[in-house]
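Single-structure report; data block below.
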Amino acid sequence: MRLHRILIPSALLLLLASCQTLTPEERRAADERTCMGYGFRTKTDAMARCLLDIELDRRAQSRSMMERSDSMFWRPPIVVERRVIVHRR
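Per this note's numbering, the very first residue in the sequence shown carries number 16; after that it's consecutive.
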C-alpha cells in the first residue's frame with residue numbers, strides 16, 4: 016500500500032515532465048551552449064554560422080519526418096496474403 020503512494024505520484028510527475036516543450040528562447044540558449052561546447056565564441060561570425068547550421072539541421076529533420084509520415088498515410092495499404100495449400104491424398 017505504501018509503495019502505491021510513492022509510485023503513482025512519481026509516475027504522474029514523470030508523465031507530466033515528458034510533455035514539456037522548449038520555448039524558442041530555451042531552444043536558442045541550448046543551441047548557444049552546444050556551439051560554445053564546440054569551441055565557438057559568442058558574437059562571432061563562426062558562432063552565428065554554427066547556430067544557423069543547427070537550425071537548418073532541425074528544419075531538415077522536421078521536413079524529413081513530415082515526408083516519411085505523409086508517405087506512410089497516403090500510400091495504398093499493403094495486403095499480406097498467406098496461401099494455404101491442401102494436398103489431397
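Yeah, the Cβ is synthetic: ideal placement off N, Cα and C, and Gly gets one too.
- In chain order, C50, F55, R56 place their CB closer than 7 Å to the CB of M62, counting only its own chain and leaving out the 5 sequence neighbours on each side.
- Per DSSP, the continuous alpha helix (DSSP H) segment holding T49 begins and ends at 39 to 52.
- Across the structure, R48 and R17 are spaced so that their CA atoms are roughly 42 Å apart.
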